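Take the sequence shown: its letters are residues 4 to 614, numbered as in our numbering.
A short worksheet on the structure shown next.
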Amino acid sequence: MGLGFAAVCVGVYDGSVSNGMGCVTGVGVCNGVCCKSDWVCDGKFRQQSISKSKIQKHHSSWTIIRLFSSAMDSSVKSFLLDVRAFANSFLSEYEPLVLVSAPLIALFVASMLQSALQVLHENGLKATLLGFFMSFVKLVPGVKSYIDAEKQKVVDKLQSGGNSVRESWRTELPSTGLGAGVIEQMKDEKRKDVAWQGKCSGAVYIGGSECEGHFSLINEACSMFAHTNPLHMDVFQSVVRFEAEVVAMTAAMLGSKKKSSGGQICGNMTSGGTESILLAVKSSRDYMKTTKGIKKPEMIIPESAHSAYDKAAQYFNIKLWRVPVNKEFQADVKAIRRYINRNTILIVGSAPGFPHGIVDPIEELGQLASSFDICLHVDLCLGGFVLPFANKLGYPIPPFDFSVKGVTSISADVHKYGLAPKGTSVVLYRNHDLRKHQFVAVTEWSGGLYVSPTIAGSRPGGLIAGAWASMISLGEEGYLENTKKIMEVSKRLQKGIEEIPELFVIGRPDMTVVALGSNVVDIFEVNDIMSSKGWHLNALQRPNSIHICVTLQHVPIIDDFLRDLTESVKTVKENPGPISGGLAPIYGAAGRMPDRGTVQELLVNYMDGAF
């Protein structure tokens with residue numbers, strides 16, 4: 004109301020209601036409020052005498068509107084009848100079966116088109132066309148069996164005679180047990196292991212001999228609590244305390260005492276970096292579903308991020324976008340920004356990344372996560388027990404922990420540079436609201452009420468005790484001393500590689516992982532020569548390269564490594580080509596193979612035959 008003729012609240016003196024709005028006799032409606040018949044509705048109710056001619060004028064206006072409305076209704080009804088008649092006439096020429104099946108076929112075609120467009124969007128034009136082509140080729144008789152046979156040859160090559168070794172493995176219990184004699188048999192088996200002392204990239208982080216020093220301390224601690232299980236919190240209270248203290252001490256190293264952290268950092272111990280990442284992703288997914296209603300979750304990671312995120316995506320039904328890194332081999336924040344949409348739950352940064360030892364721009368990622376109100380996980384599995392101490396030693400380490408706004412969770416392995424026994428890691432959250440989505444509580448089980456904090460139900464208390472013993476025995480002073488040693492050796496290694504003309508260092512390593520490549524020799528052939536000298540390095544791709552993760556084991560022998568590396572490069576340069584038993588051809592072919600589905604099948608078949 005309030006405009007034109009409807010601005011006047013008009014009643015009729017003969018007892019009817021002129022505006023039909025349902026007020027009592029002699030009353031009209033003004034802006035939804037009943038009023039006397041001699042009032043004017045102009046935004047303010049005020050009484051005004053209205054002449055009979057005015058009332059008749061308004062009656063005429065209402066009559067015109069009713070006639071117009073009636074004419075419009077008739078016109079629309081006539082139009083709809085004409086449309087129906089035309090449609091019936093047109094469709095009468097077709098069989099009923101066609102009329103029924105046509106919408107179903109159209110729906111099917113639309114669904115197929117939508118699926119094709121989705122695959123195209125996710126994989127790109129080249130990969131999609133290649134996938135369709137390979138699927139078509141495999142339909143040709145004999146082609147699939149030939150491809151499978153060739154794949155098996157590659158798998159056999161990768162396993163390098165492992166089948167003959169497995170033939171001697173037990174498949175049944177011995178009829179009579181060996182008793183204490185089993186220990187001697189285990190010692191015999193252990194002696195057959197490859198000599199790893201100082202020769203492996205990463206793998207073993209504690210320095211010295213297995214029979215003394217920190218090794219001995221950890222072994223005794225694990226043995227003392229080998230039969231405990233923190234699932235029984237009321238029984239093994241010592242282990243429960245150890246876990247809480249390991250989590251709290253790790254959190255303090257990673258910013259929990261800083262005001263910017265919010266003061267609610269919490270977490271749990273896990274079986275390793277992969278479980279820590281899995282739990283962080285699962286918690287982020289469920290948290291974002293609760294707070295933002297996201298039912299088709301997506302996460303975005305740089306291509307340098309650990310493969311545990313791929314595992315999490317498969318386990319938890321999350322769409323994964325893997326984004327290329329920038330020229331510095333860091334997470335490309337602008338590229339990640341372009342992939343964010345209404346279904347994004349999580350972005351990821353590493354400190355450092357496993358391939359090249361480079362810290363991603365965590366501050367920029369934090370700003371991005373905060374601006375879109377999404378989660379940010381920082382993978383500190385390698386750097387958690389190095390970067391805080393390297394920072395204190397004066398190394399230029401960019402921000403990486405909970406002091407950065409936007410970081411919602413962190414994973415840090417204690418069994419790497421924390422020098423704890425294998426199978427110990429920590430996952431941390433900015434607050435308890437996030438961590439609660441990690442837990443699983445069951446109320447309807449006949450076995451009683453059940454709640455578990457991590458993926459495993461029962462957990463080895465001995466490993467938790469070993470982690471606690473490691474941290475308490477070393478203290479801040481011990482970790483500072485160890486960090487100083489491995490950082491100095493890493494810088495010396497980097498300088499030594501740069502002095503070999505045929506090699507170059509990938510990016511600018513921030514920590515203890517140094518990756519190297521070459522534009523002159525086949526780096527995988529160099530790796531094969533190094534393997535023949537007893538070194539166990541990691542082969543990388545995009546670009547083709549190898550890396551070594553420096554540990555305390557390498558401190559006394561880094562000069563030996565550089566000498567062997569120099570000799571290996573010289574050998575390959577003078578005699579290019581694969582060596583007998585080398586894996587360079589396989590790594591090289593896998594990197595160049597456009598059909599990544601075939602490469603994936605090779606890996607699955609290799610793993611399937613390994614056990």
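Don't be surprised by glycine CBs; every beta carbon is placed ideally from N, CA and C.
Bear in mind that the values here come from a model prediction, so they are computed numbers and not experimental data.
*Are the CB atoms of Cys-369 and Leu-379 nearer to each other than 7 Å?*
For the sequence presented, residue 369 should be read as Gly rather than Cys. Going by beta carbons, Gly-369 and Leu-379 fall inside the 7 Å limit.
*In the DSSP assignment, what are the bridge partners of Gly-352?*
Partner residues in the beta bridge of Gly-352, as assigned by DSSP, are Val-381.
*In angstroms with no decimal places, state the Cα-to-Cα distance between Asn-530 and Ser-212.*
Counting only the Cα atoms, Ser-212 lies some 26 Å from Asn-530.
*asked:* Let's see if you can read the secondary structure: which residues bound the beta strand (DSSP E) around Leu-431?
replied: It spans 428-432 - the beta strand (DSSP E) in which Leu-431 sits, taken as one unbroken run.
*Report the option in Arg-345, Pro-364, Ile-303 whose CA atom is closest to the CA atom of Phe-332.*
The residue among Arg-345, Pro-364, Ile-303 with its C-alpha nearest the C-alpha of Phe-332 is Pro-364.
*Starting from His-550, trace the beta strand (DSSP E) both ways and give me its first and last residue.*
548-552 is the extent of the beta strand (DSSP E) around His-550.
*Leaving out five residues on either side along the sequence, give the residues of the same chain with a beta carbon under 8 Å from the beta carbon of Ala-198.*
Same-chain partners within the cutoff: Gly-537.
*Taking Gly-478 as the reference, give the member of Ala-423, Val-523, Asp-513, Ala-518 with the closest Cα.*
Across the set Ala-423, Val-523, Asp-513, Ala-518, the C-alpha of Ala-423 shows the shortest separation from the C-alpha of Gly-478.
_Helix, strand or coil for Val-27? Go by DSSP, reduced to three states._
Note on Val-27: pLDDT 48, under 50, position unreliable in the model; no value is reported.
*Short check: CB of Ile-303 to CB of Ile-339, under 7 Å?*
Cβ atoms of Ile-303 and Ile-339: closer than 7 Å.
*For the beta strand (DSSP E) that contains Asp-416, what are its first and last residues?*
Where Asp-416 is concerned, the enclosing beta strand (DSSP E) stretches over 412-416.
*If Gly-210 and Leu-496 are in contact, beta carbons under 8 Å, what's the gap, nearest whole angstrom?*
Rounded to the nearest angstrom, the Cβ distance from Gly-210 to Leu-496 is 16 Å, too far for a contact under 8 Å.
*Mind checking which residues open and close the beta strand (DSSP E) that includes Ala-198?*
Looking at the DSSP string, Ala-198 is not in any beta strand (DSSP E), and its letter there is neither H nor E.
_According to DSSP, residues forming a beta bridge with Phe-507_ = In DSSP, Phe-507 forms a bridge with Gly-520.
*Looking only at DSSP bridge pairs, what is Asn-271 linked to?*
Asn-271 pairs with Val-430.
*Quick one: what's got a C-beta closer than 6 Å to Pro-305's C-beta in the same chain, skipping five residues either side?*
Hits under 6 Å: Val-326, Val-328, Ala-334.
*From what residue to what residue does the alpha helix (DSSP H) around Arg-599 run?*
Note, Arg-599: alpha helix (DSSP H), 599-611.
*In angstroms, rounded to a whole number, what distance separates the CA positions of Ala-90 and Val-103?*
Going by C-alpha positions, Ala-90 is about 15 Å away from Val-103.
_Ser-307 - DSSP class collapsed to helix/strand/coil_ = Ser-307: coil per DSSP, three-state reduction.
_I need the straight-line Cα distance from Cys-225 to Val-249, nearest angstrom please._
Going from the Cα of Cys-225 to the Cα of Val-249 covers about 15 Å.
*Alpha carbon of Thr-427 to alpha carbon of Arg-244, nearest angstrom*: The alpha-carbon atoms of Thr-427 and Arg-244 are separated by roughly 15 Å.
_Can you tell me which residues form a DSSP beta bridge with Thr-347?_
DSSP, once it has assigned bridges, lists Glu-301 as partnering Thr-347.
*First through last residue of the beta strand (DSSP E) which encompasses Trp-324*: From DSSP, the beta strand (DSSP E) with Trp-324 extends over 322-326.
*On the three-state DSSP scale, how would you describe Tyr-208?*
Coil, per DSSP.
*asked:* Can you give me the C-alpha to C-alpha distance between Met-533 and Met-115, rounded to a whole angstrom?
replied: Going from the Cα of Met-533 to the Cα of Met-115 covers about 51 Å.
_Count Cβ pairs between the segment 548-565 and the segment 198-208 that sit closer than 8 Å; are there 3 or more?_
The answer is yes - the segment 198-208 touches the segment 548-565, with three or more Cβ pairs under 8 Å.
*Beta bridge counterpart(s) of His-539 as assigned by DSSP*: DSSP, once it has assigned bridges, lists Cys-203 as partnering His-539.
*Starting from the C-beta of Lys-55, find all residues in its chain whose C-beta is less than 6 Å away, skip the five residues before and the five after it, and write them out in chain order.*
Low local confidence applies: a pLDDT of 46 at Lys-55 is under 50, so the model's placement there is unreliable, with the coordinate-based value given in what follows. In its chain, beyond the 5 residues on either side, no residue has a beta carbon closer than 6 Å to the beta carbon of Lys-55.
*Inter-stretch contact (C-beta, 8 Å, three-pair minimum) for the segment 347-363 and the segment 500-519*: Yes, the segment 347-363 touches the segment 500-519.
*Just to confirm, are Ala-393 and Met-490 a CB contact at a threshold of 7 Å?*
Between Ala-393 and Met-490, the C-beta gap is smaller than 7 Å, which places the two residues in contact.
*Roughly how many angstroms separate the alpha carbons of Glu-604 and Asp-151, rounded to a whole number?*
Spanning the two alpha carbons is a distance of roughly 10 Å.
*Count the other CB atoms within 10 Å of the CB of Ser-583; is the residue buried (16 or more) or exposed (fewer)?*
Exposed, because fewer than 16 other Cβ atoms sit within 10 Å of the Cβ of Ser-583.
*For Leu-181, collect the residues of the same chain with a Cβ closer than 6 Å to its Cβ; drop the 5 residues on either side in sequence, then sort them by chain order.*
Nothing listed; no residue qualifies.
*asked:* Just to confirm before moving on: does the CB-CB distance between Ile-413 and Val-242 stay below 7 Å?
replied: In this structure, Val-242 does not lie closer than 7 Å to Ile-413 by Cβ.
*Classify Ser-307 as buried or exposed, calling it buried when 16 or more other Cβ atoms lie within 10 Å of its own Cβ.*
Residue environment: Ser-307 is assigned as buried (16 or more neighbouring CB atoms within 10 Å of its CB, all protein chains considered).
_I need the straight-line Cα distance from Val-381 to Val-508, nearest angstrom please._
For Val-381 and Val-508, the distance between alpha carbons rounds to 24 Å.
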